[in-house]
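There are 2 protein chains.
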Amino acid sequence: MGKVIFGVDLGGTTVKMGLFDPNGNVTEKWEIPTDKSDEGKKILPDIADAIKKKMAEKSVAKEDVIGVGIGVPGPVDGDGVIFKAANLGWGTFSIKDTLSGLLDGIKVEAGNDANVAALGEMWKGGGKGYSNLVVVTLGTGVGGGIIIDGKILTGSTGAGGEIGHIHIVDDEPDTCGCGNNGCLEQYASATGVVRLAKRRLAEDDEPSTLREREISAKSVFDAVKEGDKVSIEIAERFGEYLGKGLASVACVVNPEVFVIGGGVSKAGPVLFDYIEKYYKKYVFRGCSDVKFALAELGNDAGIYGAAKLVLG
Amino acid sequence: MGKVIFGVDLGGTTVKMGLFDPNGNVTEKWEIPTDKSDEGKKILPDIADAIKKKMAEKSVAKEDVIGVGIGVPGPVDGDGVIFKAANLGWGTFSIKDTLSGLLDGIKVEAGNDANVAALGEMWKGGGKGYSNLVVVTLGTGVGGGIIIDGKILTGSTGAGGEIGHIHIVDDEPDTCGCGNNGCLEQYASATGVVRLAKRRLAEDDEPSTLREREISAKSVFDAVKEGDKVSIEIAERFGEYLGKGLASVACVVNPEVFVIGGGVSKAGPVLFDYIEKYYKKYVFRGCSDVKFALAELGNDAGIYGAAKLVLG
């Protein structure tokens, strides 16, 4: 079947895997469970076994595997060394060397999962055609992946692109998961939108269709689309915090495009009405022409990016 | 005299030039005036003449010139194309190709002056030994130069590292030079420190030795060193704004070190007492181990960085 690449997205519950051709077409996708027992010792052997099984099934010779790319949930340096992934029970070691050893010397490249997903969006998703981009994932938290000249910006301790922890609000009483108060993540994540909504609803008794729904990022933006006034106020606050945060990011890395993904992004282009308004208000004018796009690969961004890691 | 490199720092009034050996030792430094007449058409020919004259004087053969690096006051892309330098009367053109043409094909590399100065500090100054750093210039304004894996982060429109325009204060009545309100530059530049000082002094009649001095960044930090209470309050505000801004920068690019230069940096290490205190308060903990250092090359950072541009 010609030359192939394996893209692996290692998560806390499942490992997503994809078999790619060198042009980035995925010919097969599958998952295996993540076995975190025994300090995660079985995870890489399980992945190696799954790859070897697929090679046998598809009659892929070792020489035809260009390489295996893997995204992992923790800080990974430019040499493929992970510095602890508490979630998996892992300490510090070279993923690249270890997995390559389990695969009889097949080339392995490793990166942080959020960064690798950003690379995927650049290659085949919402950032296609750009080489300087910031992928913003509005999920349980706010994650970021920064690509400069086509390469992941890892940072000196693997914390490059941790834009969810940019300080945005001075008088926030609630504490962020990171221990600080007033992080962007506290307002722009899926849970952050819910917090903003509950706060707004508690301020007065103004009628809102939100009062009869379960509050979620989705229900807020559904109500925005229906013209609900209170929900629009919540969206304005969300947009102001996120627009202001992204304006700071732009002053630093001056990207061509922000690609917005994660659960909140399912609200669709309506988000941009609120983000761009405040982005333009706060940003340095030399960065005002940035584009905003939606992520397109969803949960597959990781396997695409992992495959792209191998191609460089 | 062996292989040489010319480093050129083009300013609005003078052009600084340096003759370097490949190890970065400067064997000669000199200046020529910047002739901005006729839309700046004479600037590059003047520079080329000065280089040729020096080559003749030192009997340097064309083959022995590894290249000429130049830093210019405007946005320059990765191909050495400048996008307008209003200060010089220039429009958009390739500095690299034009200057190389004037020098009979000698290799030329060009970059933005602030970014090039940052490269100089990495090579031979306060950032020596690091390859991921942010150089912060606290002068008339606040400039930034970001180096990632030893390379300048230019940004998609040459606005990478414009950290002086990160939004810091929401209710600032005064407008920044960029047109926005509440930019970091309004508090952390030399003029910003003076504004903070005048505001504090106007708040009440508390005695301060500052009331009998000319207010400048230098006099404020001199008074801080003497234990003047009001000046210490001013330094706290300066430190809070700058520390908060640099914490945002760290969440994006996660550098190893911040190198602080420009006029305000002449106050010396006392600055770090105030910057680091608030940096640590606001930063994501994965970035808290960053180092702070003073710039060391002063006005020579540009010629060093320009020479380094050639070496890549």
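Taken in sequence, the protein lines are chains A and B.
The first sequence begins at 1 in this note's numbering and counts up one residue at a time.
The second sequence begins at 1 in this note's numbering and counts up one residue at a time.
We put the CB at the ideal spot given by N, CA and C, even for glycine.
Query, Result
"With 16 as the cutoff for other CB atoms within 10 Å, does residue 25 of chain A come out buried or exposed?", "exposed"
"Skipping 5 residues on each side, what residues in its chain have a beta carbon closer than 6 Å to that of residue 275 of chain B?", "239, 242 and 243"
"Check the Cβ of residue 132 of chain B against every Cβ in chain D and list those closer than 8 Å, keeping chain order.", "Included in the structure are the protein chains A and B, with no chain D among them."
"Return no unless some Cβ of chain A is closer than 7 Å to the Cβ of residue 116 of chain B.", "no"
"Could you tell me which chain A residues have their CB closer than 7 Å to the CB of residue 247 of chain B, listed as they occur along the chain?", "167"
"Quick one: Cα of residue 224 of chain A to Cα of residue 96 of chain A, how far?", "46 Å"
"Against chain B, does residue 284 of chain A count as a neighbour if the rule is that its beta carbon must be under 7 Å from one of theirs?", "yes"
"Chain B beta carbons: is any one of them nearer than 7 Å to that of residue 254 of chain A?", "yes"
"Is any beta-carbon of chain A found at less than 7 Å from that of residue 240 of chain B?", "no"
"Excluding the five sequence neighbours on either side, which residues of its own chain have a C-beta within less than 8 Å of the C-beta of residue 284 of chain A, listed in chain order?", "247, 250 and 251"
"Grab me the residues of residue 220 of chain A's own chain with a C-beta within less than 6 Å of its C-beta, minus the 5 sequence neighbours each way, in chain order.", "193, 197, 231 and 234"
"Select from A:170, A:61, A:41 and A:119 the residue whose C-alpha is nearest the C-alpha of residue 91 of chain A.", "A:41"
"State buried or exposed for residue 16 of chain A, treating a residue as buried only when at least 16 other CB atoms are found within 10 Å of its CB.", "buried"
"Just by C-beta distance, which residues in the region 180–198 of chain A are closer than 9 Å to chain B?", "180, 182, 183 and 184"
"So, for residue 293 of chain A: in the same chain, excluding its five sequence neighbours on each side, which residues have a beta-carbon less than 8 Å away from its beta-carbon?", "126, 127, 257, 258, 259 and 260"
"Between which two residues does the alpha helix (DSSP H) holding residue 284 of chain A run?", "From DSSP, residue 284 of chain A is part of no alpha helix (DSSP H); its letter is neither H nor E."
"Can you tell me where the alpha helix (DSSP H) holding residue 164 of chain B begins and where it ends?", "That residue, residue 164 of chain B, is in no alpha helix (DSSP H); it is neither H nor E in DSSP."
"Pop quiz: residue 118 of chain B and residue 148 of chain B are said to be a contact at Cβ under 8 Å. What is the actual Cβ separation, rounded to whole angstroms?", "No, residue 118 of chain B and residue 148 of chain B are not in contact; Cβ-Cβ is about 11 Å, not under 8 Å."
"Would you say residue 160 of chain A faces chain B, with C-beta separation under 7 Å as the test?", "yes"
"Does DSSP classify residue 294 of chain A as helix, strand or coil?", "strand"
"Judging by CA-CA distance, which residue of B:139, B:303 and B:72 is the nearest neighbour of residue 88 of chain B?", "B:72"
"Please report the residue range of the alpha helix (DSSP H) in which residue 45 of chain A lies.", "43–57"
"Helix, strand or coil for residue 267 of chain B, going by three-state DSSP, please let me know.", "helix"
"Taking residue 182 of chain A as the reference, give the member of A:65, A:172 and A:139 with the closest Cα.", "A:172"
"Interface residues of chain A around residue 152 of chain B at Cβ under 9 Å?", "The premise fails here: residue 152 of chain B is roughly 10 Å from chain A at the closest Cβ pair, so nothing lies under 9 Å."
"What's the gap between the Cα of residue 291 of chain B and the Cα of residue 180 of chain A?", "20 Å"
"Along the chain, where does the alpha helix (DSSP H) containing residue 122 of chain B start, and where does it finish?", "113–124"
"Can you round the beta-carbon distance between residue 282 of chain A and residue 123 of chain A to whole angstroms, since I take them to be within the 8 Å contact cut?", "Not quite, the Cβ-Cβ distance comes to about 30 Å (not below 8 Å), so this is no contact."
"Around the C-beta of residue 295 of chain B, are 16 or more other C-beta atoms found within 10 angstroms, so that it is buried, or is it exposed?", "buried"
"Work out the CA separation of residue 65 of chain A and residue 153 of chain B for me, nearest whole Å.", "34 Å"
"Consider the Cβ of residue 287 of chain B: report whether some Cβ of chain A lies at a distance smaller than 7 Å.", "yes"
"In chain order, which continuous runs of the alpha helix (DSSP H) of length 4 or greater are located wholly inside the region 220–263 of chain A?", "229–253"
"Check distances from the C-beta atoms of the region 80–97 of chain A to those of chain B and list, in chain order, the residues that come in under 8 Å.", "none"
"On a Cα-Cα basis, can you pick out the residue from A:134, A:106, A:103 and A:98 that is closest to residue 114 of chain A?", "A:134"
"Per DSSP, which one or two residues make a beta bridge with residue 68 of chain A?", "A:6 and A:108"
"List the DSSP bridge partners of residue 151 of chain B.", "B:148"
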